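Here the structure is laid out as structure tokens; the discussion comes afterwards.
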Ligand code: A3P
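Residue numbers (the working numbering): 30 to 313.
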């Protein structure tokens, strides 16, 4: 895998990342009590959640989301540009990370900062990632979805194994500075999810403000918003052809997996995610 470097067992794209920044994110980066961090495995609805949280902060006013790009509103801790922006930023910060639990900033665990972790059916995560990266030199060319499924199940994809990422982060369940959301619930009950986020962040929104959050964070609105639909500047390099706002639905994997691929995936899922209560994962 020539396009990766490995750090503490995790493959990172050499185009998107620098080893020293990953290292510093873990050891030295200081998370402060008043910070909020959006955490996810890539392609789980991260950008949608960022848009929602930004709109909650402005009580539905779209000015911020329409004038400042996503990666400046909620910079990525482990990407150089975001890392430097965050270090120099005062006051309560909103930030994003895809880091696995064991590489997340150590300082978080001593702080009162809040994490919102969003999960998504890993089959949809896989399909979304496959089409996002395919032919873009961010990863080796998988040639086919079947090959990408093999890599995904082994964890040989950016940020490593979905199963380990999710298992490890879910160990925070029940902690009052941790909110667990899912892409599927966000789709099914968007308003209810926004209210959950408001409660968690201690924000009170009027019903008409909530309507505005809903309106401006919709798939269509985000697709049309130039500040949100192309968060593809990595370390200052624009990667052409990456489409973030692809389909925006739950269950698209059914259009792409063969029956045999679905069975293999199920088997690995059952093995790796054994022990979690039934119903925790809101997808079929
Ligand atoms: P698809 O590729 O399945 O369409 P991330 O932000 O973590 O990279 O996740 C990207 C996925 O979230 C993409 O999924 C994208 O379409 C979907 N997404 C982004 N904004 C959305 C929105 N407002 N509503 C529904 N899905 C959204």
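For each residue, glycine too, the CB sits at the ideal point set by N, CA and C.
As the structure is a prediction and not an experimental result, all values here were calculated from the model.
In this structure, residue 287 has its CB at a distance of at least 7 Å from all heavy atoms of the ligand A3P. Nearest C-alpha to residue 49 among 113, 193, 91 and 278: 113. With fewer than 16 other CB atoms across the displayed protein chains lying within 10 angstroms of its CB, residue 249 is exposed. Here residue 208 really is in contact with residue 225; their C-beta atoms are around 7 Å apart, less than 8 Å.
Distance between residue 151 and residue 62, taken at the CA atoms: about 31 Å.
Assigned with DSSP and collapsed to three states, residue 188 falls in coil, not helix or strand. Set against 7 Å, the gap from the CB of residue 129 to the closest heavy atom of the ligand A3P is not smaller. Pairing residue 154 with residue 33 gives a Cβ-Cβ distance that is not under 8 Å. In the DSSP assignment, residue 143 is bridged to 65. Per the DSSP secondary-structure output, residue 42 pairs in a beta bridge with 33. Residue 128 carries a coil assignment under DSSP once its states are collapsed to helix, strand and coil. Beyond the five residues adjoining it in sequence on each side, residue 144 comes within less than 6 Å, by CB distance, of 66, 68 and 207 in the same chain, given in chain order. Closest option to residue 279, judged by alpha-carbon separation, among 46, 148 and 188: 148. Contact between residue 84 and residue 212 does not hold, since their C-beta atoms are separated by about 17 Å, which reaches or exceeds 8 Å. At a Cβ-Cβ threshold of 8 Å, residue 98 and residue 115 do not count as neighbours. If you draw a straight line from the Cα of residue 110 to the Cα of residue 297, it comes to about 36 Å. Setting aside the 5 residues that flank it on each side, residue 119 has no residue in the same chain whose C-beta is closer than 7 Å to its C-beta. Between the ligand A3P and the CB of residue 48, the shortest heavy atom gap is not smaller than 7 Å. The criterion of a C-beta distance shorter than 8 Å is satisfied by residue 193 and residue 129. The C-beta distance from residue 94 to residue 284 rounds to 30 Å, too long to fall under 8 Å, and the pair is not in contact.
Ranking 214, 100 and 223 by CA distance to the CA of residue 73 puts 214 first. Rounded to the nearest whole angstrom, the C-alpha separation of residue 195 and residue 203 is 15 Å. Straight-line spacing of the CA atoms in residue 232 and residue 90 works out to 15 Å. In the same chain as residue 142, and ignoring 5 residues on each side of it, the C-beta atoms closer than 8 Å to its own belong to 60, 61, 62, 63, 64, 65, 66 and 206, in chain order. Boundaries of the alpha helix (DSSP H) around residue 181: 174-183.
The beta carbons of residue 275 and residue 157 sit about 7 Å from each other, so the pair counts as a contact at 8 Å. Rounded to whole angstroms, the separation of the alpha carbons of residue 177 and residue 189 is 13 Å. A distance criterion of 7 Å places the beta-carbon of residue 72 in contact range of the ligand A3P, judged by its closest non-hydrogen atom. The beta carbons of residue 258 and residue 273 sit closer together than 8 Å. With fewer than 16 other CB atoms across the displayed protein chains lying within 10 angstroms of its CB, residue 305 is exposed.
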